[in-house]
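**Student:** One structure is given below, represented as structure tokens, and several questions about it will come after.
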Amino acid sequence: MSAFPADLLADLHAFIGGGPGDFGALALRLYRWQRACNREYDALCTLPVDAVADWTDIEAVPVGLFRDLTLTSFPADRARVVFRTSGTTSGRRGAHRALDTLLYDLGARRWAEACLGPLPRVGVSLAPSGPDSSLGHMCDDFVPGMPRFFSGDTGVDAAGAWRALATLDAPAFVPGTAFAFDALIQAASDPVPLPAGSIVMVTGGGKGRDMVLDEPALGRALARLLPGARIVGEYGMTELSSQLWAEPWGAPYRPPPWLRVRAVDPWTGAAKAPGEEGLLRFFDLANRWSVLAVETQDMGIVDEAGAVTLRGRLPGAPARGCSLTVEEALARVAATGVDG
Amino acid sequence: MIPPQQVIDGSDVVEALRALGRLDAAPLSQGLSAPLARRCLDVALAPLQVEPLSLAASAAPHRSRPRSVAVVVAHGVFTSPIEWVALYATAGIEVGVKAPSADPALCAALVGCLQRRGLPVRSVGADELGGFEVIVVFGSDETVAALRAAHPGRRVVGFGHRVSAALVDVPADRDARRQLARALSWDVAAYDSRGCMAPVAILARGDAAALAGELHGALGELQHELPRGDVDPGLGPEWRRRLGLARARGTAQVGPAHAVLLLPGEHLVPAALPRMAVVHPVEGDPASAGLLLSSLPLSSIAATDAFREAAARLAPRVTAPGRLQQPDFPRRHDGVEMLGCVLAER
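In the order they appear, the protein sequences are chains A and B.
Using my numbering, the first residue of the first sequence is number -13, and each one after it goes up by one.
Using my numbering, the first residue of the second sequence is number 7, and each one after it goes up by one.
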């Protein structure tokens, strides 16, 4: 491993901090360093480093590989930050390792404030917490010490959350997953007006393993039950270090200048034209410690301006004659312990 | 119309199957290439001759046979219902065929051919299943469970999720190794790796890398003769994940429409992808070499001689390489008699 180049860090920091910068040039510099220092990434790439002359040619890592490989540009056992996926899809948790969250924190706050304005200083959280939750990390960074009403073990403490919301006397940041908010509104009685300037941040898709949420209906319910608050959408992933924001929730998600999104054909990987639906690939300059190019399993449309309209997860293709999907089969891997 | 429960001469059924065999196979095949669809249909029909059908259908006393059986067909291996429907029809059982909603073409053609011979076979919808004495279901475990719950008064015979694998010794002799690779390549390529008899893994004792190389060549040759058909785009990310994993932790050889991965056994995934052969090196005596498979819901294992005994302890069906997707008729399917499973319990 070689130390992260000081000049590249300075340039990334400046760009993410709001200064000038050339996305493509920075992406190629980061890519070359990651190819040199990230042995697993280098091994799985098929193009020679020098053959990649444009950021659009950078090979993206399928997000599922974060379950199988460490994908670090440093010795993995030196990781000081490990964010883990929930594992709800495959039954196994992916891990995104880093030595620090310098660029993550810088970019998260800057882009949130660019999209939403100054962030409230108090909050009520329905988001996961804990040191291995990237979402929890971001929310804690935005509003340190806000009370939490979601636990991975017990779910949403809806009564507690409603009590906390009712006592707010200053603009509040209220983050949570779509499913957490659904649980909250199921336990609602009367609307609880929030102080002007409050932000309700909905993240995560509405398609779970066992149920599908009606997102527009959830948005209407939140607007009715939490009058005074802006309802916004956040798109982030454990395997990324930057987020996209949508206001109102349901509008296209806007990426920050240091993150670009491409839609590709799910099978061939060939780029789709702006406005065409495809599998989403993200190129995130804040992902300096792992890989900057990540292929998701989400479908979406990227418009001319780079904003993203989500179209849900790539449908689980029937894998075999007995109609088991790949996802289901992978979940069984975890259950049987075959693929450790 | 032939009265139900009268054992019929298998020749009517065979004539119907011959008519089916004369149809263009590609539109029936759920997206296989025309040459592969033709080969798969021919291979599936070949064992269904008058004598074996009549013998198999006569194997059970009349009084224990149900009057009617519904066969619920899964999407994937387009020929899968043929032998079951043919057997039950030969046995004089009224047969309802519930086609997979995603692609009912083969089922419709099969039913049409049998009906034109006056045989008591018809297409049915999900809401008609309760009218049959026995329901034979192919599908996910969840589908089987759902049908059992939906038809508490009916006998439901379920064939749920199963996978298959190969367990082989790699010959030191190059010609023999090529021959093995050619056989395995057909196991992988048949039906474009769909179905519970497609090998999810090839466990190889000996020079696994050499076998992977020969498989790469053999699958490349098969592509000329029997091209891969349509691929579900939804498999793309998983295809690339496995390729990436192999490049990082093993080796990957990629052809225009196939891939051969060599990966440590810890990365065995019990789901096959279209023409992706995954070779896992194994060592030791046959029993320990097969340990990787011990937790899988196995349908079949293609085994070379030294592994046949160990394989028989792991899977209800053991076959030679190259025969994995060409099951004998009749047989015990997943350990269950094809006709016996619908007979009245004593």
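We put the CB at the ideal spot given by N, CA and C, even for glycine.
1) So, do the region 22 to 42 of chain B and the region 111 to 118 of chain B have three or more beta carbon pairs nearer to each other than 8 Å?
2) Is the Cβ-Cβ distance between residue 208/A and residue 186/A less than 8 Å?
3) Report buried or exposed for residue 172/A, applying the criterion of at least 16 other Cβ atoms within 10 angstroms of its Cβ.
4) To which residues of the same chain is residue 181/A closer than 7 Å at the C-beta, ignoring the five residues directly before and after it?
5) For the region 323 to 330 of chain B against the region 284 to 303 of chain B, are there 3 or more C-beta pairs whose distance is under 8 Å?
6) Can you pull the DSSP bridge partners for residue 284/A?
7) Is residue 163/A helix, strand or coil by DSSP?
8) Please say whether residue 80/A and residue 114/A have beta carbons closer to each other than 8 Å?
9) Taking 8 Å as the threshold (C-beta atoms), are residue 16/A and residue 274/A in contact?
10) If contacts are defined as beta-carbon pairs under 8 Å, then residue 235/A and residue 218/A qualify, I think. What distance do you get, rounded to the angstrom?
11) Does DSSP put residue 175/B in a helix, in a strand, or in coil?
12) If you count every other CB in all the chains shown that lies within 10 Å of the CB of residue 254/A, and 16 or more means buried, which is it?
13) So, using beta-carbon positions, are residue 256/B and residue 274/B closer together than 8 Å?
14) Okay, do the region 186 to 194 of chain B and the region 204 to 221 of chain B touch, 3+ Cβ pairs below 8 Å being the bar?
15) Can you check which of these residues, 296/A, 85/A and 28/A, is closest to residue 62/A by C-alpha distance?
16) Please confirm whether residue 69/A and residue 189/A have their CB atoms less than 8 Å apart.
17) So, are the CB atoms of residue 103/B and residue 117/B less than 8 Å apart?
18) If you drop the 5 nearest sequence neighbours on each side, which residues of the same chain put their C-beta closer than 8 Å to that of residue 241/B?
19) Closest Cβ-Cβ distance between residue 2/A and chain B: below 8 Å?
20) On the DSSP bridge list, what partners appear for residue -10/A?
21) Distance, Cα to Cα, residue 23/B vs residue 302/B?
22) Is the CB-CB distance between residue 85/B and residue 54/B below 8 Å?
23) Should residue 39/B be listed as close to the ligand SAH, given that the test is whether its C-beta is under 7 Å from any heavy atom?
24) Determine the chain D residues that contact residue 254/B at a beta-carbon separation under 7 Å, and present them in chain order.
25) Between the alpha carbons of residue -3/A and residue 7/A, how many angstroms are there, rounded?
26) Whose Cβ in chain B lies nearer than 8 Å to the Cβ of residue 263/A?
27) Does residue 281/A have its Cβ less than 8 Å from a Cβ in chain B?
28) In this structure, does DSSP put residue 124/A in helix, strand or coil?
29) Flag residue 289/B as yes if its beta-carbon sits less than 8 Å from any beta-carbon of chain A, otherwise no.
30) Does the beta carbon of residue 3/B come closer than 8 Å to any beta carbon on chain A?
31) Check the Cβ of residue 47/A against every Cβ in chain B and list those closer than 8 Å, keeping chain order.
32) If contact is defined by three or more beta carbon pairs under 8 Å, each pair taking one atom from either stretch, is the region 330 to 339 of chain B in contact with the region 50 to 69 of chain B?
33) Please confirm if the region 90 to 99 of chain A is in contact with the region 25 to 44 of chain A, defined as three or more CB-CB distances below 8 Å between the two stretches.
34) Can you check whether the C-beta of residue 246/B is within less than 8 Å of a C-beta belonging to chain A?
35) Can you give me the start and stop residues for the alpha helix (DSSP H) that residue 211/A sits inside?
36) Roughly how many angstroms separate the alpha carbons of residue 176/B and residue 219/B, rounded to a whole number?
**Tutor:** Well, looking at it:
1) Taking 8 Å as the limit for Cβ pairs, the verdict is that the region 111 to 118 of chain B does touch the region 22 to 42 of chain B.
2) Taking 8 Å as the Cβ cut-off, residue 208/A and residue 186/A qualify as a contacting pair.
3) Here residue 172/A is exposed: its Cβ has fewer than 16 other Cβ atoms, across all protein chains shown, within 10 Å.
4) Excluding sequence neighbours, residue 181/A sits near 154, 155, 156, 157, 158 and 214.
5) Contact fails: fewer than three Cβ-Cβ distances are below 8 Å.
6) Partner(s): 299/A.
7) When DSSP states are grouped into helix, strand and coil, residue 163/A belongs to the strand group.
8) With contacts defined as CB atoms closer than 8 Å, residue 114/A and residue 80/A fail to qualify as a contacting pair.
9) Residue 274/A is a Cβ neighbour of residue 16/A, given a cutoff of 8 Å.
10) Confirmed, Cβ separation roughly 6 Å.
11) Strand.
12) Flag for residue 254/A reads exposed.
13) Between residue 256/B and residue 274/B, the gap from beta carbon to beta carbon reaches 8 Å or more.
14) Contact holds: three or more Cβ-Cβ distances are below 8 Å.
15) If we check each option's Cα against that of residue 62/A, 85/A comes out closest.
16) Their beta carbons are not under 8 Å apart, which means residue 69/A does not touch residue 189/A by this criterion.
17) The Cβ atoms of residue 103/B and residue 117/B sit closer than 8 Å to each other.
18) 279 and 280, listed in sequence order.
19) No, its Cβ sits nowhere closer than 8 Å to a Cβ of chain B.
20) None; residue -10/A has no bridge partner.
21) Taking the straight line from one Cα to the other gives about 34 Å.
22) With a cutoff of 8 Å on beta-carbon distance, residue 85/B and residue 54/B are scored as not near each other.
23) As far as ligands go, the structure on display features none, and thus does not contain the ligand SAH.
24) The structure shown contains no chain D; its protein chains are A and B.
25) Pairing residue -3/A with residue 7/A, the inter-Cα distance amounts to about 7 Å.
26) Per Cβ cutoff of 8 Å: no residues; residue 263/A is ~11 Å from chain B at best.
27) So, interface residue.
28) In this structure, residue 124/A counts as helix in the three-state DSSP scheme.
29) Cβ-Cβ to chain A under 8 Å: no for residue 289/B.
30) Outside the displayed span of chain B (7 to 352) sits residue 3/B, for which this structure offers no information.
31) Simply 250.
32) Yes, they touch.
33) Output reads no: the region 25 to 44 of chain A does not touch the region 90 to 99 of chain A.
34) Interface flag for residue 246/B against chain A is set, since a Cβ pair is found closer than 8 Å.
35) Per DSSP, residue 211/A is one residue of the alpha helix (DSSP H) stretching across 201 to 211.
36) Within the model, the alpha-carbon separation for residue 176/B versus residue 219/B is close to 12 Å.
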